[in-house]
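Asks: Have a look at this one before I ask anything.
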Amino acid sequence: MVGGILNYLWLVPALPLLGVIVNSAIALFAERPLLLAEAGSEEHGHGTSLHGAGHHAAPPYRRLVAFLGPAVVGASFLVSLLSVLALAARPAHDRLFVQVLFPWVTAGSFDAAVAFQLDPLSSVMILVVTGVGFLIHVYSVGYMSHEKAFARYFVYLNLFTFTMLLLVLGSNFLLMFVGWEGVGLCSYLLIGYWYEKKSAADAGKKAFIVNRVGDFGFLVAIFLIFWTFGTVDYPEVFARIPGLADSGVLTTGVATAITLLLFVGAVGKSAQIPLYVWLPDAMEGPTPVSALIHAATMVTAGVYMVARTSPLFLLAPASMAVVAVVGAATAIFSATIGICQNDIKRVLAYSTVSQLGYMFLACGVGAFTAGIFHLMTHAFFKALLFLGSGSVIHALSGEQDMQKMGSLKKRLPVTFTTMFIATLAISGIPGLSGFFSKDEILWKSFSSGHGHVGLWLVGTAAAGITAFYMFRLVFLTFFGPSRMDPEVEKHVHESPYSMTVPLMLLAVLSVGGGWIGIPEALGGHNYFEAWLAPVFGHGAEGAAHGGAHHSAALEYLLMAGSVGVALCGIGLAYYLYRGRPEKPKEIAGRVPGLYDVVFHKYYVDEIYDAVIVQRIVNGSIWLWEAFDATFIDGIVNGVATIVSGAGDRMRRVQTGVVGNYALSLLVGAVILVGFLIWP
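So, in structure tokens, the structure goes:
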């Protein structure tokens with residue numbers, strides 16, 4: 050009976066899809082006519098604004114949307130949980146379940162079905178996506194309650210969840226790519242949700258276009274996989290690797306080409322150097338959208354894809370090195386940018402880029418389990434941080450500048466407490482979830498056969514910077530004198546239960562979520578590593594150790610060093626923003642050039658705009674004027690001119706004189722008779 054639930058695995062993505070269908074009908078037939086009617090009344094000088102709730106009673110359909118949007122994701126989480134429990138009841142060697150729903154693409158020797166695969170790796174992903182996603186949906190009910198386009202928002206949110214589940218459950222690369230493109234589309238829709246706001250519309254387009262760059266590499270990799278293996282199904286591809294490697298078909302060069310192209314896709318989707326620039330601008334979307342994109346769904350897709358294809362990456366040492374170096378460089382580069390940002394959501398955005406770098410660092414040194422472990426714990430505390438920042442923004446009537454906050458600790462007690470817990474977790478304080486996953490990554494980056502002391506140093510430095518800028522955020526937001534606008538300060542209030550309850554649940558996960566991965570060096574049993582062993586254990590993690598033996602004393606020493614660096618970061622933040630709050634401006638005044646460069650994010654966006662964007666725009670204008678307007682339009686207009694001229698000449702035959710028509714008939718008859726009697 051327990052195993053029978055696996056036959057209903059299709060319900061995991063189908064339930065959010067049901068929410069998309071029903072909410073789309075509501076948005077189209079109930080919400081849209083109302084919005085059009087209100088827009089018409091505003092044109093005549095009355096009515097309410099697009100974003101304001103107004104003074105009218107909420108339409109009855111909103112209650113249905115507010116229930117259905119989160120409910121379908123909650124139901125999907127329950128089915129996911131039961132399915133994972135059924136999988137866990139199986140022996141470790143038999144923890145793979147593939148459900149083929151129907152044939153999809155069949156052409157010659159190519160065959161790809163719509164099939165879902167549940168194994169230890171995808172089980173972690175579906176629990177994170179549906180569990181954290183459900184809490185974000187519930188939070189959205191309160192946070193977005195004043196939005197007019199309420200149903201449209203939940204259509205996008207449910208669609209995002211559906212496509213992400215399609216990505217992680219798909220049993221072949223082609224189905225993964227459909228989900229991959231789906232989350233890209235949904236990110237465009239959600240980031241640009243307030244499409245009438247230019248910055249939001251531009252941010253949505255930027256995310257969509259930058260991701261297309263990475264997606265091209267991923268698509269070429271899929272073609273190369275089919276050319277090499279003759280299939281795109283995961284089980285068949287991974288089963289054929291040893292034989293093709295022994296026969297010389299799958300050489301190191303081919304494996305390197307495939308994996309580097311896959312990593313190009315991951316760099317775009319998971320915002321790594323040089324394609325990270327879309328993610329900070331994604332803050333233009335509603336805060337729950339930021340939490341969903343940055344914590345549980347889209348940005349983790351690249352990490353999942355690299356982990357899923359770990360057997361291929363292990364055949365390509367050069368690709369592993371590229372992944373590790375790019376991850377480490379992204380981790381410390383984006384962390385330094387976070388130091389000088391004042392927008393509370395942008396600080397968290399650069400933090401996300403940095404933490405994703407940690408995950409790729411883990412994958413690059415062969416510690417795929419540690420990378421997925423950090424993916425999970427990061428989903429807990431980063432979702433909490435984003436939703437907590439949303440609670441602050443909600444209380445301050447939309448204010449996001451930390452320089453205009455302060456003294457909110459007592460006014461927002463639940464928000465402060467939960468965000469403080471998440472800040473401790475992301476800083477790597479012992480006992481909280483972030484400590485266990487981050488320490489595992491740092492240890493493997495040092496001790497792995499693919500690791501290097503330089504990678505460990507960069508990772509440790511990034512950890513210290515993370516602790517500094519995260520506690521800077523806490524001190525500027527919740528402590529010190531109030532810097533709020535007097536009118537805003539009058540209305541500061543704690544968020545409703547629909548927003549604070551998800552914060553409290555995520556706080557519990559941020560504390561205890563890492564205890565399933567306590568390392569043996571601390572006297573624990575790493576249950577998380579044991580769970581993923583059927584996927585990674587015999588290949589990836591074994592290669593990660595590289596046969597080298599390191600003493601427990603060394604692991605303790607490195608662990609203490611990383612914690613010490615984090616505490617130094619916290620202490621420095623306390624000194625600068627609590628003890629000597631005038632000091633940061635003084636330091637910035639001493640090195641104005643350096644501060645300006647970091648504050649403006651190293652001018653990367655400006656460089657991209659000048660070197661790439663403007664050149665493409667100018668080239669497009671030239672193509673439009675020289676090719677489109679002259680050549681294409683010339684052909685179309687030329688054909689029209691010829692037809693028009695021919696019509697003018699033919700029109701002259703129609704004179705309206707009966708005698709002319711009779712003469713024409715006579716001439717025609719003579720010609721016809723002559724043709725018939727001619728020998």
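Numbering (my numbering), first residue to last: 50 to 728.
Virtual Cβ for every residue (Gly too), placed ideally from N, Cα, C.
(1) Would you kindly work out how many angstroms separate the C-alpha atoms of Q404 and A380, rounded to a whole number?
(2) My output table needs one value for W564: the three-state DSSP class, helix, strand or coil.
(3) Leaving out five residues on either side along the sequence, give the residues of the same chain with a beta carbon under 6 Å from the beta carbon of A601.
(4) By alpha-carbon positions, which one of Y283, V133, G480, R521 ends up nearest to I619?
(5) Are A252 and E196 touching if we call contact CB-CB under 7 Å?
(6) Give the single residue among L224, T704, G586, G638 whose Cα lies nearest to the Cα of V154.
(7) Does DSSP put V147 in a helix, in a strand, or in coil?
(8) Between A411, L621, P535, which has its C-alpha nearest T515's C-alpha?
(9) Could you compute how far the alpha carbon of A512 sits from the alpha carbon of G529?
(10) Do you know offhand how far K700's Cα is from G231's?
(11) Looking only at its own chain, which residues have a Cβ that is under 7 Å from the Cβ of F495, when we skip the five neighbours before and after it?
(12) Checking 7 Å against the spacing of the C-beta atoms, do I490 and H599 come in under that value?
(13) For a minimum of 4 consecutive residues, which ranges assigned as the alpha helix (DSSP H) are wholly contained in the region 145 to 213?
(14) Less than 7 Å between C-beta atoms, sequence neighbours within five positions excluded: which residues of the same chain meet that for A589?
(15) At the level of alpha carbons, what is the spacing between G157 and P284?
(16) Among G89, K453, L461, which one has its Cα closest to the Cα of A533?
(17) Is the distance from the Cβ of G406 to the Cβ of F485 below 7 Å?
(18) Would you call the region 135 to 145 and the region 107 to 119 in contact, with 3 or more CB pairs under 8 Å?
(19) Return the chain-ordered ranges of every beta strand (DSSP E) run that is complete within the region 604 to 686 and spans a minimum of 3 residues.
(20) Kindly list the residues whose CB is nearer than 6 Å to the CB of I185, restricted to its own chain and excluding five residues on each side of it in sequence; keep chain order.
(21) Less than 7 Å between the beta carbons of Y652 and L436, yes or no?
(22) Quick one: grab the DSSP three-state call for N709.
(23) Return the CA-CA distance between V326 and D654, expressed in angstroms with no decimal places.
(24) Given a cut-off of 7 Å, decide if S482 and G563 are closer than it, judged by their beta-carbon atoms.
(25) So does the region 278 to 296 actually touch the region 232 to 248, counting three or more Cβ pairs closer than 8 Å?
(26) CA-CA distance, S125 and L208?
(27) Expressed to the nearest angstrom, what Euclidean distance is found between the alpha-carbon atoms of H594 and A304?
(28) Please classify E635: is it buried, with 16 or more other beta-carbons within 10 angstroms of its beta-carbon, or exposed?
(29) Determine the burial state of L457: buried for a count of at least 16 other Cβ atoms within 10 Å of its Cβ, exposed for fewer.
(30) Give a yes or no on whether the C-beta atoms belonging to K632 and L625 are separated by under 7 Å.
(31) Is D488 helix, strand or coil by DSSP?
(32) Name the two residues that bound the continuous alpha helix (DSSP H) containing L584.
(33) Is F151 buried or exposed, if buried means 16 or more other CB atoms sit within 10 Å of its CB?
(34) Can you tell me which of the three DSSP states N740 falls into?
(35) According to DSSP, is D330 helix, strand or coil?
(36) Report buried or exposed for S368, applying the criterion of at least 16 other Cβ atoms within 10 angstroms of its Cβ.
Replies: Concretely, from the data shown:
(1) By one-based count along the sequence shown, residue 404 stands at place 355. By one-based count along the sequence shown, residue 380 stands at place 331. In a straight line, the C-alpha of Q404 is about 6 Å away from that of A380.
(2) For the purposes of this step, residue 564 is taken as the residue at position 515 of the sequence shown. Helix, per DSSP.
(3) Looking up residue 601 in the sequence shown gives position 552. For A601, where only same-chain residues beyond five positions count, the Cβ hits under 6 Å are A570.
(4) In the sequence shown, residue 619 corresponds to position 570, counting from 1. Taking only the C-alpha atoms, the option nearest I619 is R521.
(5) As a working note, residue 252 is residue 203 in the sequence shown. As a working note, residue 196 is residue 147 in the sequence shown. No; because the gap between Cβ atoms is not below 7 Å, this pair is not in contact.
(6) One-based indexing of the sequence shown puts residue 154 at position 105. When only C-alpha atoms are compared, the closest one is L224.
(7) The sequence position of residue 147 within the sequence shown is 98, counting from 1. Strand.
(8) As a position in the sequence shown, residue 515 is number 466, starting the count at 1. Taking only the C-alpha atoms, the option nearest T515 is L621.
(9) Residue numbering aside, residue 512 sits at position 463 when the sequence shown is read from its first letter. Residue numbering aside, residue 529 sits at position 480 when the sequence shown is read from its first letter. So the alpha carbons of these two residues sit roughly 25 Å apart.
(10) Here residue 700 refers to the residue found at position 651 when the sequence shown is read from its first residue. Here residue 231 refers to the residue found at position 182 when the sequence shown is read from its first residue. It is Arg, not Lys, that sits at residue 700 in the sequence shown. About 56 Å.
(11) Your numbering for residue 495 matches position 446 in the sequence shown. Cβ neighbours of F495 beyond the five flanking positions: V502, W505, L607.
(12) Taking the first residue of the sequence shown as position 1, residue 490 is located at position 441. Taking the first residue of the sequence shown as position 1, residue 599 is located at position 550. No, they are not a contact pair.
(13) 169 to 192
(14) Residue mapping note: residue 589 aligns to position 540 of the sequence shown, counting from 1. Because A589 carries a pLDDT of 46, less than 50, the predicted location of this residue cannot be relied on, and no value is offered for it.
(15) For the purposes of this step, residue 157 is taken as residue 108 along the sequence shown, with counting starting at 1. For the purposes of this step, residue 284 is taken as residue 235 along the sequence shown, with counting starting at 1. Whole-angstrom Cα-Cα distance: 20 Å.
(16) Taking the first residue of the sequence shown as 1, we reach residue 533 at position 484. Strictly speaking, residue 533 in this sequence is Met, with Ala absent from that position. The residue with the shortest Cα to Cα distance from M533 is K453.
(17) In the sequence shown, counting from the first residue as 1, residue 406 sits at position 357. In the sequence shown, counting from the first residue as 1, residue 485 sits at position 436. No, these two residues do not count as a Cβ contact at 7 Å.
(18) no
(19) none
(20) Here residue 185 refers to the residue found at position 136 of the sequence shown. Closer than 6 Å at Cβ, skipping near neighbours: P337, A340, L341.
(21) Locating residue 652 in the sequence shown gives position 603, counting from the first residue. Locating residue 436 in the sequence shown gives position 387, counting from the first residue. Not in contact: Y652 and L436 (Cβ atoms no closer than 7 Å).
(22) Here residue 709 refers to the residue found at position 660 of the sequence shown. If DSSP states are grouped into helix, strand and coil, N709 belongs with the helices.
(23) For the purposes of this step, residue 326 is taken as the residue at position 277 of the sequence shown. For the purposes of this step, residue 654 is taken as the residue at position 605 of the sequence shown. For V326 and D654, the distance between alpha carbons rounds to 7 Å.
(24) For the purposes of this step, residue 563 is taken as residue 514 along the sequence shown, with counting starting at 1. For the purposes of this step, residue 482 is taken as residue 433 along the sequence shown, with counting starting at 1. Result yes, Cβ atoms of G563 and S482 sit closer than 7 Å.
(25) no
(26) The residue you call residue 125 lines up with position 76 of the sequence shown. The residue you call residue 208 lines up with position 159 of the sequence shown. Their backbone Cα atoms lie some 13 Å apart in a straight line.
(27) Within the sequence shown, residue 594 is the residue found at index 545, counting from 1. Within the sequence shown, residue 304 is the residue found at index 255, counting from 1. The predicted model places H594 with a pLDDT of 49, which falls under 50 and marks its position as unreliable, so this point remains unresolved.
(28) The count along the sequence shown starts at 1 and reaches residue 635 at position 586. By the neighbour-count rule (16 or more Cβ atoms within 10 Å), E635 is not buried but exposed.
(29) Here residue 457 refers to the residue found at position 408 when the sequence shown is read from its first residue. The residue is buried, with at least 16 neighbouring Cβ atoms inside 10 Å.
(30) In the sequence shown, counting from the first residue as 1, residue 632 sits at position 583. In the sequence shown, counting from the first residue as 1, residue 625 sits at position 576. In contact: K632 and L625 (Cβ atoms closer than 7 Å).
(31) By one-based count along the sequence shown, residue 488 stands at place 439. The answer is helix: DSSP assigns D488 an H, G or I state.
(32) Mapped onto the sequence shown, residue 584 falls at position 535. Checking the sequence, you will find Val at residue 584 rather than Leu. Run containing V584: none; DSSP gives neither H nor E here.
(33) Mapped onto the sequence shown, residue 151 falls at position 102. Exposed, because fewer than 16 other Cβ atoms sit within 10 Å of the Cβ of F151.
(34) Because the chain in this structure spans residues 50 to 728, residue 740 falls outside the shown range and cannot be described.
(35) Position 281 of the sequence shown, counted from the first residue, corresponds to residue 330. Reduced to three states, the DSSP call for D330 is helix.
(36) Against the sequence shown, residue 368 aligns to sequence position 319. The residue is buried, with at least 16 neighbouring Cβ atoms inside 10 Å.
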